[in-house]
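One structure is given here, and the rest of the page talks about it.
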Amino acid sequence: MGLWYRCTYFITICTKDREPYLGEIADREMILNDVGQIANECWLAISEYIPFAKLGNHVIIPNHVHGIVIIDKPNITGNDERNVGTRLIASLPPKPLEHTKTDADKPNGGITGNYNPMLHDILSKIIRWYNGRTSFETRKINPDFTWSPRFHDHIIRNDESFHRISNNIRNNPSNWKEDVFFKIRTELEFWCLEF
Numbered sequence: 095m096g097l098w099y100r101c102t103y104f105i106t107i108c109t110k111d112r113e114p115y116l117g118e119i120a121d122r123e124m125i126l127n128d129v130g131q132i133a134n135e136c137w138l139a140i141s142e143y144i145p146f147a148k149l150g151n152h153v154i155i156p157n158h159v160h161g162i163v164i165i166d167k168p169n170i171t172g173n174d175e176r177n178v179g180t181r182l183i184a185s186l187p188p189k190p191l192e193h194t195k196t197d198a199d200k201p202n203g204g205i206t207g208n209y210n211p212m213l214h215d216i217l218s219k220i221i222r223w224y225n226g227r228t229s230f231e232t233r234k235i236n237p238d239f240t241w242s243p244r245f246h247d248h249i250i251r252n253d254e255s256f257h258r259i260s261n262n263i264r265n266n267p268s269n270w271k272e273d274v275f276f277k278i279r280t281e282l283e284f285w286c287l288e289f
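Rendered as structure tokens:
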């Protein structure tokens, strides 16, 4: 029996400068525009392209996306508490053999080698895929669309937190005026008008 890597994350991804590229809130409901529709379709496609990624609730808001991502992946190293001795012996480096270099000897991952984050199935890879796919499709209709280069993640550690966050995601459009990203954007616009 192998171990599983399982972790549940609450994710927030914002548009660059909190621009409301994704639609608008009207009567406490989110109205997705074409860019928002693409962002939604790409979010739903995450688990199709990254099979170990499962999705919980998500919501697209005018200038950001909230969602729950569950990474549910088998431990491919085969590490198991029952084969500790085997692991220790197997981890001894083999004696080097003389041979000529081939393409198989070249490191994966280009200049960064095995440290390239795209070689490892981690949360950043999922977000990078989502942002890249959304940007590629969206720029066909809005060349100005850009995501913020960073995202926020929070590990969900228990059922109570999972349910509370799921509820907050579901109710986010109706609470838009209290949303920190609404307030930041509104204050920024006010500040720019002053000068």
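Per the working numbering, residue 95 is the first one in the sequence shown, and the count goes up by one each step.
For every residue, glycine included, the Cβ atom is placed at its ideal position computed from N, Cα and C.
message: On the DSSP letters alone, give me the boundaries of the alpha helix (DSSP H) that residue 260 sits inside.
response: Numbered from its first residue, the sequence shown carries residue 260 at position 166. Here the alpha helix (DSSP H) through residue 260 covers 253-265.
- request: Please list, in chain order, all residues of the same chain as residue 246 whose beta carbon is under 6 angstroms from its beta carbon, the five residues on each side excluded.
  value: Numbered from 1 along the sequence shown, position 152 holds the residue referred to as residue 246. Once the five neighbours on either side are set aside, the close Cβ partners of residue 246 are 106.
query: Does DSSP put residue 122 in a helix, a strand or coil?
result: Here residue 122 corresponds to residue number 28 of the sequence shown, with the count starting at 1. Coil.
query: Whose CA, out of 251, 113, 221, 104, lies closest to the CA of residue 158?
result: Position 64 of the sequence shown holds residue 158. If we check each option's Cα against that of residue 158, 113 comes out closest.
- prompt: Helix, strand or coil for residue 108 per DSSP?
  reply: Within the sequence shown, the letter at position 14 stands for residue 108. In this structure, residue 108 counts as strand in the three-state DSSP scheme.
message: Quick check on residue 148: does DSSP put it in helix, strand or coil?
response: Working through the sequence shown from its first residue, we reach residue 148 at position 54. Three-state DSSP puts residue 148 in a strand.
Rounded separation between residue 108 and residue 162 - CA only: The residue labelled residue 108 in the question sits at position 14 within the sequence shown. The residue labelled residue 162 in the question sits at position 68 within the sequence shown. Their backbone Cα atoms lie some 15 angstroms apart in a straight line.
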